[in-house]
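Sequence order for the protein chains is A and B.
Just so we're on the same page, the numbering used here is the position in the first sequence counted from 1, plus 24.
Just so we're on the same page, the numbering used here is the position in the second sequence counted from 1, plus 24.
Report on one structure; see the data block that follows.
Number of protein chains: 2
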Amino acid sequence: MTTIQRLDAKLEEHIEKVEHYKQVQTLLAWDARTGAPRKGASYAARAKATLAGELFKIQTDADFGLRLEDAAQQEDLDELSKRIIAEHWKTYKRRSAIPIEEYQAFVQQQGLANAAWLEARAANDFSIFAPHLKQIFDASLKFAGYWGYEQHAYDPLVQQFDPDLDKVTLDRIFSELKSALIPLIRRVTSSAKQPDTSIFTHPFPLEQQRQLGIELLQAIRYDFDAGQFGATVHPFSSAINPYDARLAAKFVENDVRVSLWSALHEGGHSLYTQNIDPNLIHTGLGIFTSYGIHESQSIFFEKFIGRHKGFWENNYFILQKIKPETFGHVSLDDFYFALNAVKPTFNRFEADELTYNLHLIIRYELEQAIIAGEVDYEGLPEAWNDKYEEYLGIRPPTHLEGILQDGHWSAGFGLFPSYTLGFVYAAQIHKVIRRELPDYDHLIESDHIETITGWLTTHIHQFGKSRSADELIKSITGKSIDTAPLIRYLTDKYEQLYEL
Amino acid sequence: MTTIQRLDAKLEEHIEKVEHYKQVQTLLAWDARTGAPRKGASYAARAKATLAGELFKIQTDADFGLRLEDAAQQEDLDELSKRIIAEHWKTYKRRSAIPIEEYQAFVQQQGLANAAWLEARAANDFSIFAPHLKQIFDASLKFAGYWGYEQHAYDPLVQQFDPDLDKVTLDRIFSELKSALIPLIRRVTSSAKQPDTSIFTHPFPLEQQRQLGIELLQAIRYDFDAGQFGATVHPFSSAINPYDARLAAKFVENDVRVSLWSALHEGGHSLYTQNIDPNLIHTGLGIFTSYGIHESQSIFFEKFIGRHKGFWENNYFILQKIKPETFGHVSLDDFYFALNAVKPTFNRFEADELTYNLHLIIRYELEQAIIAGEVDYEGLPEAWNDKYEEYLGIRPPTHLEGILQDGHWSAGFGLFPSYTLGFVYAAQIHKVIRRELPDYDHLIESDHIETITGWLTTHIHQFGKSRSADELIKSITGKSIDTAPLIRYLTDKYEQLYEL
């Protein structure tokens with residue numbers, strides 16, 4: 025447990041107030057995406073916007089700024105207090121750089137852009153969304169200008185989510201992955217040995233899928249007394265604080281994989297939050313340190329635990345118990361092969377381990393093409409389709425399966441890289457953890473996941489935002505972000521599985 | 025639909041902000057009582073307290089006060105705008121009368137008192153709760169002093185919930201009810217004809233009770249797109265706004281009546297909220313006008329609709345369909361008699377129509393005895409038991425079934441009368457509606473509840489807080505609150521049912 029030096033009482037009170045507003049905002053977002061009624065949505069959004077405006081004022085309060093500056097100059101400040109001050113000072117400066125009217129207008133534009141995206145999807149007509157996308161991207165770039173940057177306008181945008189990353193690093197990471205993955209996918213998909221995945225698309229009643237989700241969450245030791253398991257249309261987790269880390273899965277009757285993966289993925293996010301040192305709760309540091317590291321933990325549980333054969337040696341009985349008519353006569357080997365089937369599709373969310381990163385790389389490259397003026401909004405749908413054809417060998421037949429698939433762009437630039445960063449980090453961590461816990465496979469097979477989670481807590485979770493992504497990954501692996509472990513992991517696994 | 029004159033833009037903005045905070049608070053309370061995890065409760069309470077403090081400051085903002093005063097003096101103000109100004113001015117004055125430190129301390133004491141009440145219940149030991157109760161009641165009386173009163177300290181306390189009521193009126197109402205009900209209950213309970221209520225205590229799976237609740241809510245035309253149906257330990261409804269009126273029922277496996285009544289009761293509250301003119305949403309008047317009127321609508325749907333034989337002629341099939349093994353061979357007459365069984369118990373929440381008001385009268389009389397110094401905190405449990413014995417002929421064997429039954433007192437004085445006021449108002453309204461809709465019984469039998477709800481919307485719901493309780497009841501019945509219709513209704517119904 026961390027002990028925190030006392031800061032100036034008024035400063036502590038102000039920081040706690042910021043925290044409370046943020047926790048309430050997270051809860052409002054949770055509610056909007058789980059139980060909130062359809063007809064109340066626009067009113068709820070207005071109330072949420074009011075709170076966002078109030079928080080903006082609190083975070084950019086001039087007196088608060090002065091106190092932060094004073095505190096930063098205190099010489100006897102301990103390391104953790106310095107981090108607390110630095111974190112709030114960073115937010116203070118970022119927020120203060122944007123005129124409040126522009127900030128509020130942007131928040132409103134985001135809401136309208138998301139509504140336009142939904143409308144465009146309903147009509148399968150990209151032209152409804154295009155002007156909003158342009159407006160959002162233009163505003164994003166204007167904000168990048170306010171914040172300033174040395175090399176690329178994209179840098180401050182991606183740094184909203186991953187402070188230690190920049191375009192140069194991302195270009196390198198994505199290029200390395202692309203070179204390795206595209207040929208590997210071609211080899212895998214042309215292998216003679218292919219799994220039978222039809223077991224997953226048998227109708228699976230939603231109430232039973234919920235039961236499956238609960239048992240899988242129990243298997244990874246999710247604490248139900250410090251969270252909640254809900255249902256939604258796009259799975260997510262809500263990091264309110266370590267004692268309230270909720271998750272919502274998506275349930276689709278004809279594909280049990282959707283809820284299965286979303287329970288493990290969001291469960292991984294929530295375990296991270298539940299294991300943060302509670303002493304950090306009211307400091308601003310009691311939260312995941314970056315989107316990439318947050319994603320590394322969800323991916324660790326979804327892919328490195330949830331696609332580990334030992335995990336299913338231990339938990340396949342749950343599926344066989346809940347749905348004997350489907351799984352009763354399917355061997356663990358067949359089930360495991362089906363679970364790890366590789367098949368290029370148009371859908372990022374339901375992608376397998378191998379094709380997953382290419383979905384993200386395509387989105388990232390299109391963002392860069394827009395910023396560089398290499399593609400205009402009219403040409404964007406075709407550019408999207410061309411890349412799918414080039415990298416995955418398939419061409420979306422409609423915009424619904426193409427450019428209109430994800431709604432993330434209605435919030436701005438720069439969110440997609442975190443998904444791939446998370447996978448890269450997770451593989452780096454996985455490599456070290458296997459070395460440091462030599463009985464790693466046996467721990468999973470023998471239902472001792474808590475030892476692995478304990479290791480992750482010691483090296484990552486507990487610190488929350490008090491250590492940066494780069495500090496964490498360096499202290500664990502001795503180096504910065506590195507694609508080699510992920511490429512090695514995927515190559516070895518799929519060469520063996522598909523007998524290449 | 026109401027058209028609202030434009031007020032000063034800054035005033036409108038401030039009023040809207042107040043509304044948004046209140047809506048968020050209602051949502052936080054909903055969350056705390058439905059899905060929120062146990063371990064996060066104390067942190068959620070702290071965040072909630074921060075927002076309450078912020079709202080206090082917003083409501084007592086000096087500049088806001090000046091704008092309200094200015095607006096109140098505008099001569100060309102329409103009636104509705106006057107109401108809006110008056111409502112916020114009243115809150116401004118009430119809040120400003122209390123020093124903010126005392127208000128915050130009181131909010132904290134309420135939380136501690138509630139925790140002590142739970143602890144006292146667990147230990148069946150009133151002495152754990154007693155000092156908290158004294159502290160809460162002392163603070164309530166101090167606040168009454170700040171607010172000022174002409175006759176009784178109780179007046180400003182009950183007026184927090186029912187602005188048109190005072191102690192003198194309550195004394196009269198409760199005395200009239202007591203004189204009529206105590207002898208009626210004695211006659212009913214000593215009747216030779218008694219119903220068989222064992223059908224209700226057969227095990228009834230919770231998921232099926234949930235289905236029953238949904239179908240009953242559909243029967244009274246609750247709009248699920250403007251609300252949510254949740255589960256909790258003490259049923260309640262959350263009036264966020266007309267487009268978000270949620271309710272939570274309690275589910276007990278061995279007594280289906282608990283969820284049945286709570287769905288209809290909280291459904292009645294929520295219908296009221298859903299039918300408020302949406303133009304009132306951001307004015308401060310888009311909410312129930314008083315606790316008594318709010319309760320009159322829940323009681324109307326729970327008792328006057330839900331205990332109407334015609335309602336069950338139409339809806340008994342739901343129970344027979346969901347649970348044929350229990351209800352399949354029970355006639356509608358037997359079911360209806362069992363549903364209206366009268367039996368004195370210690371439990372207010374599960375009381376029948378006849379004994380219900382006596383539970384409230386006992387609580388009210390004890391509040392008066394405390395204020396008058398006729399009973400001290402040590403003597404309170406015995407005073408409670410004596411009253412149960414005197415009025416209902418039963419004596420609680422433990423404090424758990426006695427003085428520790430309700431937690432409401434940990435919030436302060438004056439909340440209990442509303443429950444009885446609601447019943448009295450509902451009977452007055454019921455008398456008029458039967459006269460104005462001569463085919464009333466047939467409307468219920470033939471599943472045309474919407475005509476009745478339409479009448480209630482026209483005469484009550486739509487106005488929200490833009491008309492006072494007394495104005496509403498006078499415009500409907502031609503007189504103020506009056507116990508005669510309730511006494512008549514109960515006497516006629518139960519004399520017939522029990523063949524007295």
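Ideal Cβ placement from N, Cα and C applies to all residues, glycine included.
(request) Classify alanine 263 of chain A as helix, strand or coil using the three-state DSSP reduction. (result) Locating residue 263 of chain A in the first sequence gives position 239, counting from the first residue. Looking at alanine 263 of chain A - three-state DSSP - the assignment turns out to be strand.
(message) List, in chain order, every chain A residue whose beta-carbon is nearer than 8 Å to that of isoleucine 305 of chain B.
(response) In the second sequence, counting from the first residue as 1, residue 305 of chain B sits at position 281. Going along chain A in sequence order, the residues near isoleucine 305 of chain B (Cβ under 8 Å) are Tyr67.
(message) Going by C-alpha to C-alpha distance, which of A:Glu231, A:Ala76, A:Lys34 sits closest to arginine 119 of chain A?
(response) Taking the first sequence and counting its residues from 1, the one referred to as residue 119 of chain A is at position 95. Residue A:Ala76 is the option with its Cα nearest to arginine 119 of chain A.
(message) Just verifying my parser: in three-state terms, what is the DSSP assignment at serine 470 of chain B?
(response) By one-based count along the second sequence, residue 470 of chain B stands at place 446. Coil.
(request) Answer with buried or exposed for alanine 396 of chain B, where buried requires no fewer than 16 other C-beta atoms within 10 angstroms of its C-beta. (result) If you number the second sequence from 1, residue 396 of chain B lands on position 372. So alanine 396 of chain B counts as exposed.
(message) Looking only at its chain, what residues have a beta carbon closer than 8 Å to the beta carbon of glutamine 232 of chain A, apart from the 5 residues adjacent to it on each side?
(response) Along the first sequence, read from residue 1 onward, the residue named residue 232 of chain A stands at position 208. Hits under 8 Å: Ile346, Lys347.
(message) Tell me the rounded alpha-carbon separation between asparagine 381 of chain A and tyrosine 116 of chain B.
(response) Sequence index remark: in the first sequence, residue 381 of chain A carries index 357 (1-based). Sequence index remark: in the second sequence, residue 116 of chain B carries index 92 (1-based). If I take the Cα positions, the gap works out to 57 Å.
(message) Using the three-state DSSP reduction, which class does methionine 25 of chain A fall into: helix, strand or coil?
(response) Numbered from 1 along the first sequence, position 1 holds the residue referred to as residue 25 of chain A. Unreliable positioning characterises methionine 25 of chain A in this predicted model, as indicated by a pLDDT of 49, which lies under 50. A coordinate reading is not provided.
(request) For chain B, find out if any of its Cβ atoms is closer than 9 Å to the Cβ of aspartate 102 of chain A; answer yes or no. (result) Residue 102 of chain A sits at position 78 when you count from the first residue of the first sequence. No, because no Cβ of chain B sits closer than 9 Å to the Cβ of aspartate 102 of chain A.
(request) Using beta-carbon positions only, say whether isoleucine 505 of chain A and valine 448 of chain A come within less than 9 Å of one another. (result) As a first step, residue 505 of chain A must be located in the first sequence, where it is residue number 481. As a first step, residue 448 of chain A must be located in the first sequence, where it is residue number 424. Yes. Within cutoff.
(request) Quickly, what does DSSP pair phenylalanine 88 of chain B with across the bridge? List them, please. (result) Locating residue 88 of chain B in the second sequence gives position 64, where the first residue counts as 1. Answer by DSSP bridge pairing: none, since phenylalanine 88 of chain B is not bridged.
(request) Compute the beta-carbon to beta-carbon distance between isoleucine 543 of chain A and phenylalanine 253 of chain A, rounded to the nearest angstrom, for a pair I have assumed lies under 8 Å. (result) With chain A covering 25 to 524 only, the question about residue 543 of chain A has no answer from this structure.
(request) Could you spell out where the beta strand (DSSP E) holding aspartate 376 of chain B opens and where it closes? (result) If you number the second sequence from 1, residue 376 of chain B lands on position 352. Aspartate 376 of chain B -> no beta strand (DSSP E), and no H or E assigned at all.
(request) Consult DSSP for glycine 254 of chain B and reduce its assignment to one of helix, strand or coil. (result) Your numbering for residue 254 of chain B matches position 230 in the second sequence. Glycine 254 of chain B: strand per DSSP, three-state reduction.
(request) Answer with buried or exposed for phenylalanine 487 of chain B, where buried requires no fewer than 16 other C-beta atoms within 10 angstroms of its C-beta. (result) Mapped onto the second sequence, residue 487 of chain B falls at position 463. So phenylalanine 487 of chain B ends up on the buried side.
(request) Compare the C-alpha of serine 203 of chain B against each of B:Leu521, B:Glu414, B:Ile418, B:Ala53 and name the closest. (result) On the second sequence, residue 203 of chain B is found 179 positions in, with the first residue counted as 1. Comparing Cα positions, the closest option is B:Glu414.
(request) Mind checking which residues open and close the alpha helix (DSSP H) that includes arginine 196 of chain B? (result) By 1-based counting over the second sequence, the position of residue 196 of chain B is 172. That run of the alpha helix (DSSP H) goes 191 to 213.
(request) Select from A:Pro368, A:Gln159, A:Ser215, A:Lys106 the residue whose C-alpha is nearest the C-alpha of leucine 309 of chain A. (result) Position 285 of the first sequence, counted from the start, is the residue given in the question as residue 309 of chain A. Cα-wise, what sits closest to leucine 309 of chain A is A:Lys106.
(request) To the nearest angstrom, report how far apart glutamine 218 of chain A and proline 155 of chain A are at their CA atoms. (result) Here residue 218 of chain A is taken as the residue at index 194 of the first sequence, counted from 1. Here residue 155 of chain A is taken as the residue at index 131 of the first sequence, counted from 1. Between glutamine 218 of chain A and proline 155 of chain A, the C-alpha separation is close to 44 Å.
(message) So the candidates are B:Val257, B:Ile264, B:Arg281; which of them puts its Cα closest to the Cα of alanine 272 of chain B?
(response) Within the second sequence, the letter at position 248 stands for residue 272 of chain B. For alanine 272 of chain B, the nearest C-alpha among the options comes from B:Val257.
(request) Answer yes or no: does any C-beta atom of chain A fall closer than 9 Å to that of arginine 62 of chain B? (result) Here residue 62 of chain B is taken as the residue at index 38 of the second sequence, counted from 1. Yes, arginine 62 of chain B lies at the interface with chain A (some Cβ there is under 9 Å from its Cβ).
(message) On a Cα-Cα basis, can you pick out the residue from B:His38, B:Gly172, B:Ser470 that is closest to glutamate 337 of chain B?
(response) Here residue 337 of chain B refers to the residue found at position 313 of the second sequence. Minimum Cα distance to glutamate 337 of chain B is reached at B:Ser470.
(request) Assign leucine 35 of chain B to one of two classes, buried (16 or more other C-beta atoms within 10 Å of its C-beta) or exposed (fewer than that). (result) Here residue 35 of chain B refers to the residue found at position 11 of the second sequence. Flag for leucine 35 of chain B reads buried.
(request) Could you spell out the range, first to last residue, of the beta strand (DSSP E) harbouring arginine 270 of chain B? (result) Looking up residue 270 of chain B in the second sequence gives position 246. Counting along the chain, the beta strand (DSSP E) containing arginine 270 of chain B begins and ends at 268 to 273.
(message) Using only the alpha-carbon positions, how far apart do arginine 62 of chain B and aspartate 430 of chain A sit?
(response) Locating residue 62 of chain B in the second sequence gives position 38, counting from the first residue. Locating residue 430 of chain A in the first sequence gives position 406, counting from the first residue. Between arginine 62 of chain B and aspartate 430 of chain A, the C-alpha separation is close to 35 Å.
(request) For the segment 36 to 52 of chain B and the segment 262 to 271 of chain B, state whether three or more C-beta atom pairs, one from each stretch, are separated by less than 8 Å. (result) yes
(request) Return yes when the Cβ of leucine 194 of chain B is within less than 9 Å of the Cβ of tyrosine 315 of chain B, no when it is not. (result) For the purposes of this step, residue 315 of chain B is identified with residue 291 of the second sequence, where counting begins at 1. For the purposes of this step, residue 194 of chain B is identified with residue 170 of the second sequence, where counting begins at 1. For tyrosine 315 of chain B and leucine 194 of chain B, no; Cβs fall outside 9 Å.
(message) Let's see if you can read the secondary structure: which residues bound the alpha helix (DSSP H) around tyrosine 412 of chain A?
(response) Within the first sequence, the letter at position 388 stands for residue 412 of chain A. It spans 404 to 416 - the alpha helix (DSSP H) in which tyrosine 412 of chain A sits, taken as one unbroken run.
(message) With the cut-off set at 9 Å, would you say serine 322 of chain A and glutamate 290 of chain A are in Cβ contact?
(response) Within the first sequence, the letter at position 298 stands for residue 322 of chain A. Within the first sequence, the letter at position 266 stands for residue 290 of chain A. The answer is yes: Cβ separation under 9 Å.
(message) So for alanine 216 of chain B, helix, strand or coil by DSSP?
(response) Sequence index remark: in the second sequence, residue 216 of chain B carries index 192 (1-based). Three-state DSSP puts alanine 216 of chain B in coil, outside helix and strand.
(message) Quick check on the DSSP output: the alpha helix (DSSP H) that includes valine 448 of chain A runs from which residue to which?
(response) Here residue 448 of chain A refers to the residue found at position 424 when the first sequence is read from its first residue. Its alpha helix (DSSP H) spans residues 441 to 460.
(message) Determine whether the beta carbon atoms of glycine 130 of chain A and isoleucine 427 of chain A lie at a separation below 9 Å.
(response) Residue numbering aside, residue 130 of chain A sits at position 106 when the first sequence is read from its first letter. Residue numbering aside, residue 427 of chain A sits at position 403 when the first sequence is read from its first letter. The displayed chain sequence assigns phenylalanine, not glycine, to residue 130 of chain A. Cβ distance not < 9 Å, so phenylalanine 130 of chain A and isoleucine 427 of chain A don't count as in contact.
(request) Check whether the Cβ of isoleucine 311 of chain A lies closer than 9 Å to any Cβ atom in chain B. (result) Taking the first sequence and counting its residues from 1, one reaches residue 311 of chain A at position 287. No, isoleucine 311 of chain A lies away from the interface with chain B (no Cβ there is under 9 Å from its Cβ).
(request) Taking C-beta pairs closer than 8 Å, name the residues in chain A that asparagine 265 of chain B reaches, listed in chain order. (result) By one-based count along the second sequence, residue 265 of chain B stands at place 241. Result: Gly64, Tyr67.
(request) Report the three-state DSSP secondary structure of arginine 118 of chain A (helix, strand or coil). (result) Here residue 118 of chain A corresponds to residue number 94 of the first sequence, with the count starting at 1. Helix at arginine 118 of chain A.
(request) Reducing DSSP to helix, strand and coil, say where histidine 423 of chain B ends up. (result) In the second sequence, counting from the first residue as 1, residue 423 of chain B sits at position 399. Correct three-state label for histidine 423 of chain B: coil.
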